[in-house]
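In this note's numbering, the protein residues as written are 7 to 415. Accompanying notes for the structure given below.
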Amino acid sequence: MHATKVTDDTYLLSVNVENILFEGLWEIPNGVALNSYIVKGEKTAIIDGVCGWEGVPEKLYKLLDELQIDPMSIEYLIINHMEPDHSGWIEDFKQIRSDFKVVCSRKAAELLEHFYGHTENVICVGDKDTLDLGNGHLLKFYEIPNVHWPDTIVTFDSLTGALFSCDAFGTFGKADTANYDDLLTEEQLLFFEKEAERYYANIVSAFSGPVKKAIEKCSTLPIRLIAPGHGIVWRKDPARIVQNYTDFASFQKGPAREEITIIWGSMYGMTEKAVNHAVKILEDEKIRHHVHRMPESSWGTVLTSAWTSTGIILAMPTYEYKMFPPVAAILEEIGKKKVQNRKAFRMGSYGWSGGAQKELDEILDRNRMNWDFLDPVEFRGNASEEDFKQIEYAVRELVHQVREAVKTG
Ligand code: FEO
Numbered sequence: 007m008h009a010t011k012v013t014d015d016t017y018l019l020s021v022n023v024e025n026i027l028f029e030g031l032w033e034i035p036n037g038v039a040l041n042s043y044i045v046k047g048e049k050t051a052i053i054d055g056v057c058g059w060e061g062v063p064e065k066l067y068k069l070l071d072e073l074q075i076d077p078m079s080i081e082y083l084i085i086n087h088m089e090p091d092h093s094g095w096i097e098d099f100k101q102i103r104s105d106f107k108v109v110c111s112r113k114a115a116e117l118l119e120h121f122y123g124h125t126e127n128v129i130c131v132g133d134k135d136t137l138d139l140g141n142g143h144l145l146k147f148y149e150i151p152n153v154h155w156p157d158t159i160v161t162f163d164s165l166t167g168a169l170f171s172c173d174a175f176g177t178f179g180k181a182d183t184a185n186y187d188d189l190l191t192e193e194q195l196l197f198f199e200k201e202a203e204r205y206y207a208n209i210v211s212a213f214s215g216p217v218k219k220a221i222e223k224c225s226t227l228p229i230r231l232i233a234p235g236h237g238i239v240w241r242k243d244p245a246r247i248v249q250n251y252t253d254f255a256s257f258q259k260g261p262a263r264e265e266i267t268i269i270w271g272s273m274y275g276m277t278e279k280a281v282n283h284a285v286k287i288l289e290d291e292k293i294r295h296h297v298h299r300m301p302e303s304s305w306g307t308v309l310t311s312a313w314t315s316t317g318i319i320l321a322m323p324t325y326e327y328k329m330f331p332p333v334a335a336i337l338e339e340i341g342k343k344k345v346q347n348r349k350a351f352r353m354g355s356y357g358w359s360g361g362a363q364k365e366l367d368e369i370l371d372r373n374r375m376n377w378d379f380l381d382p383v384e385f386r387g388n389a390s391e392e393d394f395k396q397i398e399y400a401v402r403e404l405v406h407q408v409r410e411a412v413k414t415g
């Protein structure tokens, strides 16, 4: 829990949250920092009043107290995005002051009533609309639809050059020591960059087209610092997180990095032996790889690996004439996140009949994934020596294709 000065008249109220599933779905092993910002001109605004978790409103009030800001003096609640991790404070704040004004996009206003029963004193803003807080703090708004909901805007303070970017440029990872890139070591920054990868893959990856448009739009602004809704504030090198997001967005259509992800499941160890063989080949090829067994691995972790990998190996047995269900489930989610144009190879065991391939084809078609597969290796029961040779050939070929794809871009 931190209350700190970001820049002139601008303060960060940050609350670490852990031991939850983000959006009720995604594991966050390293937690997340949820951020609200106060901008004080002649009038005071809070941007993205976070809430949604037990104890958070109380912590926010305590932080305001530390900053000697009377909640009664907050005239505007600027809601960049109506998802409750940005807007959840409204309900609680209403009990303190009833005549505040909500500033949000027209689309967000539609949800305001349904989420919080709030319809009065709503100021709808769109591209380039402004709000003058006085003392030079002229706030400008820009729509960045679908980063991450259709309602999302960013707020730009033309005096300080602060971009309050909401979900854009956010990361997972709690901020234990400091919330600013200029106060962190390179090792700590690398941690947040890894957490950005996870956040991007889990939360905004499906909207990579809109992310590219948002980056383009924001690049026209004289940004001096980026203050996202999640993670750390980038005030020494905002271009660093913008470059990260540019890279992540490009991974959707591939190629991504020179990495291979194995997603596998096994019932009685027969497919597992083939996976172990494939891993040895990858080690021999000295290519970075990630190995995830399903259903044991968390979806968020697997999705992050798939997002950053140019090559995917799927290994699963046929189960009741279909693909082993936990592998089918994560593959469907990978498809919904639009992980496209990967180099891929599938292998696996069957007993009485195949069937995994048919379901795989259905998932790939339904989600228009356009993965480029090598010939599969399927084996009845245990893999034979010949099967192991074919697996080795296919894995080495996959490595070659991944390297070529990354090299030629
Ligand atoms: Fe951080 Fe889409 O909410």
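Note that CB positions come from ideal geometry on N, CA and C, so glycine has one too.
Assign Asp157 to buried or exposed, taking buried as 16 or more other Cβ atoms, counted over all protein chains shown, within 10 Å of its Cβ. buried
Can you list, in chain order, the residues of its chain with a C-beta nearer than 7 Å to that of Thr252? Leave out the 5 residues immediately preceding and following it. Ile221
Would you say Ile159 and Ala280 are within 7 Å of each other, going by their C-beta atoms? no
Since Ser315 and Ile266 are thought to touch, with beta carbons under 8 Å apart, how far apart are those beta carbons, to the nearest angstrom? 6 Å
Distance check for Lys343 and Glu193, CA to CA, integer angstroms please. 29 Å
Less than 7 Å between the beta carbons of Phe330 and Ala350, yes or no? no
Give the DSSP-derived three-state secondary structure of Ser79 in the structure shown. helix
Is the beta carbon of Tyr43 sitting closer than 7 Å to the one on Ala174? no
contact_flag[the segment 321-341, the segment 202-212] where n(CB pairs < 8 Å) is 3 or more: no
Residue burial classification, Met300 (beta-carbon count within 10 angstroms, cutoff 16): buried
Would Asp54 be called buried (16 or more neighbouring beta carbons within 10 Å of its own) or exposed? buried
Have a look at Val297 and Leu309 and give me their C-alpha separation to the nearest angstrom. 12 Å
Quick check on this structure: which residue in Ser164, Thr125, Ala114, Phe121 has the alpha carbon closest to the alpha carbon of Asp138? Ser164
Any non-hydrogen atom of the ligand FEO closer than 6 Å to Asp91 Cβ: yes
Would you say the beta carbon of His143 is closer than 6 Å to some non-hydrogen atom of the ligand FEO? no
Return the first residue and the last residue of the alpha helix (DSSP H) that Met276 is part of. 276-291
Please tell me whether, using a cut-off of 6 Å, the distance from the CB of Asp173 to the nearest non-hydrogen atom of the ligand FEO is below it. yes
Do you know whose CA, among Trp155, Lys146, Lys259, lies nearest Phe162's CA? Lys146
Where does Lys259 sit, in a helix, a strand or coil, going by DSSP? coil
Suppose you measure from the CA of Tyr356 to the CA of Glu203; what does that come to, to the nearest Å? 36 Å
Pick out whichever of Gly271, Ile293, Asp133 has its Cα sitting closest to the Cα of Arg112. Asp133
Less than 6 Å separating the Cβ of Gly235 from some heavy atom of the ligand COA? By its list of ligands, the structure shown excludes the ligand COA, since it contains just the ligand FEO.
Rounded C-alpha distance that separates Gly341 from Leu366: 11 Å
Bounding residues of the beta strand (DSSP E) (the contiguous stretch that carries Glu149): 144-149
Tyr17 and Leu73 look like a contact to me (Cβ under 8 Å); what is the Cβ gap, rounded to whole Å? 6 Å
Just checking, does the segment 25-38 make contact with the segment 124-131 on the three C-beta pairs under 8 Å criterion? no
Roughly how many angstroms lie between the CA atoms of Asn373 and Val217, to the nearest whole one? 20 Å
Measure the CB-CB distance between Ile318 and Arg348 and report whether it falls below 7 Å. yes
Consult DSSP for Ser20 and reduce its assignment to one of helix, strand or coil. strand
Enumerated in chain order, which unbroken segments of the alpha helix (DSSP H) with a length of 4 residues or greater are wholly contained in the segment 298-386? 305-314, 331-342, 362-372
Could you tell me which of Tyr148, Glu48, Val239 sits nearest to Thr13, measuring between CA atoms? Val239
Pick out the complete beta strand (DSSP E) segments inside the segment 94-172, 3 residues or longer, and give them in chain order. 107-110, 128-130, 136-138, 144-149, 159-163, 168-172
CB contact flag (Ala51, Ile85, <7 Å): no
Could you check the C-alpha separation between Val412 and Gly260 for me, to the nearest Å? 9 Å
Should His2 be listed as close to the ligand FEO, given that the test is whether its C-beta is under 6 Å from any heavy atom? Not covered by the structure: residue 2. The range shown for the chain is 7 to 415.
Within its chain, find whatever has a CB closer than 6 Å to the CB of Val38; leave out the 5 residues flanking it on each side and keep chain order. Val23, Phe178, His236
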